[in-house]
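Protein sequence lines correspond, in order, to chains A and B. Under our numbering, the first residue of the first sequence carries the number 1, and numbering increases by one thereafter. Under our numbering, the first residue of the second sequence carries the number 121, and numbering increases by one thereafter.
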Amino acid sequence: TTFTSRHGKRHGKKSRLRCSKKPLHVNFKELGWDDWIIAPLEYEAYHCEGVCDFPLRSHLEPTNHAIIQTLMNSMDPGSTPPSCCVPTKLTPISILYIDAGNNVVYKQYEDMVVESCGCR
Amino acid sequence: FQQASISSLSSSSELDSTKDVRSRKEGKMLRTPRDGATGRTPQERQPPQREQEPPGRGPRVVPHEYMLSIYRTYSIAEKLGINASFFQSSKSANTITSFVDRGLDDLSHTALRRQKYLFDVFTLSDKEELVGAELRLYRQAPAAPWGPPAGPVHVQLFPCQSQLLLDARTLDAQGPTPAGWEVFDVWQGLRHQARKQLCLELRSAWGEPDSRETEARARGPQQPPPPDLRSLGFGRRVRPPQERALLVVFTRSQRKNLFAEMREQLGSAEAAGPGAGAEGSWPPASGSRDAGPWLPSLGRRRRR
Chain A
1 TTFTSRHGKR HGKKSRLRCS KKPLHVNFKE LGWDDWIIAP LEYEAYHCEG VCDFPLRSHL
61 EPTNHAIIQT LMNSMDPGST PPSCCVPTKL TPISILYIDA GNNVVYKQYE DMVVESCGCR
Chain B
121 FQQASISSLS SSSELDSTKD VRSRKEGKML RTPRDGATGR TPQERQPPQR EQEPPGRGPR
181 VVPHEYMLSI YRTYSIAEKL GINASFFQSS KSANTITSFV DRGLDDLSHT ALRRQKYLFD
241 VFTLSDKEEL VGAELRLYRQ APAAPWGPPA GPVHVQLFPC QSQLLLDART LDAQGPTPAG
301 WEVFDVWQGL RHQARKQLCL ELRSAWGEPD SRETEARARG PQQPPPPDLR SLGFGRRVRP
361 PQERALLVVF TRSQRKNLFA EMREQLGSAE AAGPGAGAEG SWPPASGSRD AGPWLPSLGR
421 RRRR
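Structure follows, in structure tokens:
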């Protein structure tokens with residue numbers, strides 16, 4: 001059996017959010033890249049945030065290693081940290097930019113938008 | 121499914137409203153007065169326009185309409201979950217680079233039967249797989265007919281100083297010819313070319329489109345010399361930027377990360393100072409004067 005808190009609620013700790021996808025708006029103008037990126041000047045990249053605690057939900061697509069690590073952490077938090085909330089599926093975006101020779105280039109950049117998060 | 125289509129710009133005023141001209145060297149933005157809010161989310165706003173003038177003249181760059189339509193089509197496809205590299209037009213490339221023609225017509229001859237198109241392609245990386253290359257020539261509607269045709273008119277494309285016929289096109293000798301883009305496949309020409317400068321030669325001819333000796337073949341006394349390329353609508357004297365010849369190169373690069381481009385930008389924007397990071401590191405090693413133009417340095421915000 002795993003270690004569970006007696007009151008079912010964490011003492012004085014607000015319940016921590018579970019691992020999930022959160023908004024992350026990227027503004028290339030703010031990054032100072034708008035003098036070489038033509039389009040898009042901003043886009044929604046999302047990011048992963050939250051805890052991977054026991055029991056892990058199936059939609060978090062945990063690896064077997066993450067399941068073991070989470071179990072061990074729930075039994076003895078000092079033995080190992082919980083598994084990590086990371087992107088599990090990423091998609092590309094198209095960028096139109098100016099290269100070092102002042103030519104206009106279209107490029108598809110992989111892994112620029114988080115589609116789903118999970119525990120690894 | 122929605123039909124992913126290339127949305128042509130609805131009006132030049134829309135272009136003007138989002139037109140802002142940047143001069144890269146100064147990093148300043150000269151913004152034309154914007155219309156009122158177009159009520160669109162930033163993502164939907166048309167990408168800003170820059171003048172894609174021939175490189176080496178001014179640092180301003182306006183993307184060619186063709187590149188804007190490629191960007192729009194493929195980013196719509198991405199939103200629909202369609203992999204853009206499946207598009208036949210993309211030739212399964214993930215990088216499409218456009219180069220503007222730097223050549224000018226040699227007006228010393230009375231008739232212009234050959235045109236040289238010059239492109240600085242030094243930014244093409246030989247680490248990337250070349251999967252296609254096109255020369256896009258905008259043919260203006262010829263002002264006056266080129267005289268009694270002596271048969272079908274052809275234009276042929278060769279690498280300069282070479283007889284390797286890259287591509288040919290038959291032009292309609294009868295009736296009014298509408299203005300439009302002629303697209304030539306120049307992949308062969310780029311494959312065998314050192315990636316510094318690409319020179320292509322357009323020639324006009326009578327007779328069969330792909331016979332190499334067309335022009336060299338002894339012309340019978342009755343056949344007039346090949347037509348002047350300007351009378352076929354290929355004159356380059358007065359061309360708006362959007363009608364300049366465009367070399368479009370399709371490559372597939374394994375390079376996944378943005379940092380390579382940023383390093384290039386850093387290299388072109390500033391001479392690498394003593395604090396520049398080791399080759400391949402991004403951002404430059406800590407302790408350098410600043411984290412690099414793209415990251416606001418700690419404390420005071422940096423504007424390029």
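Each residue gets a CB set at the ideal place from its N, CA and C atoms; glycine is no exception. Bear in mind that the values here come from a model prediction, so they are computed numbers and not experimental data.
Cβ proximity to chain A below 7 Å picks out 240, 242 and 243 from the segment 232-245 of chain B.
Residue A:61 holds the alpha-carbon nearest to the alpha-carbon of residue 85 of chain A among A:61, A:71 and A:77. Looking at the backbone, the Cα of residue 279 of chain B and that of residue 237 of chain B are separated by about 9 Å.
One Cα belongs to residue 370 of chain B, the other to residue 282 of chain B, and the distance between them is close to 23 Å.
Residue 99 of chain A sits buried, since 16 or more C-beta atoms from the chains shown fall within 10 Å of its C-beta. Annotation for residue 192 of chain B: the continuous alpha helix (DSSP H) segment containing it runs 185-199. Contact between residue 355 of chain B and residue 225 of chain B holds: their C-beta atoms lie close to 7 Å from each other, under 8 Å. Looking only at B:320, B:368, B:195 and B:275, the smallest Cα-Cα distance to residue 346 of chain B is reached by B:275. Around the beta carbon of residue 377 of chain B, fewer than 16 other beta carbons sit within 10 angstroms, so the residue counts as exposed.
By the neighbour-count criterion, in which a residue is buried when 16 or more other Cβ atoms sit within 10 angstroms of its Cβ, residue 261 of chain B is exposed. Residues of chain B whose Cβ lies closer than 7 Å to the Cβ of residue 107 of chain A are, in chain order, 214 and 215.
Assignment of residue 252 of chain B by DSSP, reduced to helix, strand and coil, places it in the strand class.
Here residue 110 of chain A is near residue 92 of chain A, since their CB atoms are less than 7 Å apart. Interface residue (Cβ-Cβ distance to chain B less than 7 Å): residue 100 of chain A is classified as such. For residue 108 of chain A, the enclosing beta strand (DSSP E) stretches over residues 104-119. Contact note: residue 190 of chain B reaches chain A through 106, using a C-beta cutoff of 7 Å and chain order. The bridge partners DSSP lists for residue 236 of chain B are B:321. Taking CB atoms only, residue 298 of chain B has no neighbour in chain A less than 7 Å away. Your pair residue 53 of chain A and residue 82 of chain A checks out as a contact, with CB atoms roughly 6 Å apart and the cut at 8 Å. Counting only the Cα atoms, residue 364 of chain B lies some 10 Å from residue 358 of chain B.
With distances taken between CA atoms, residue 187 of chain B lies nearest to B:220 out of B:220, B:310, B:240 and B:242. Here residue 377 of chain B carries a coil assignment [DSSP, helix/strand/coil].
Listed by position along chain A, the residues whose Cβ is nearer than 7 Å to that of residue 183 of chain B are 38, 96 and 104.
By the neighbour-count criterion, in which a residue is buried when 16 or more other Cβ atoms sit within 10 angstroms of its Cβ, residue 29 of chain A is exposed.
Along the segment 76-97 of chain A, the positions whose C-beta sits under 9 Å from a C-beta of chain B are 91, 92, 93, 94, 95, 96 and 97, read in chain order.
Across the set B:198, B:317, B:222 and B:271, the C-alpha of B:317 shows the shortest separation from the C-alpha of residue 241 of chain B.
Its Cα nearest to that of residue 59 of chain A, the residue A:88 stands out among A:69, A:27, A:94 and A:88.
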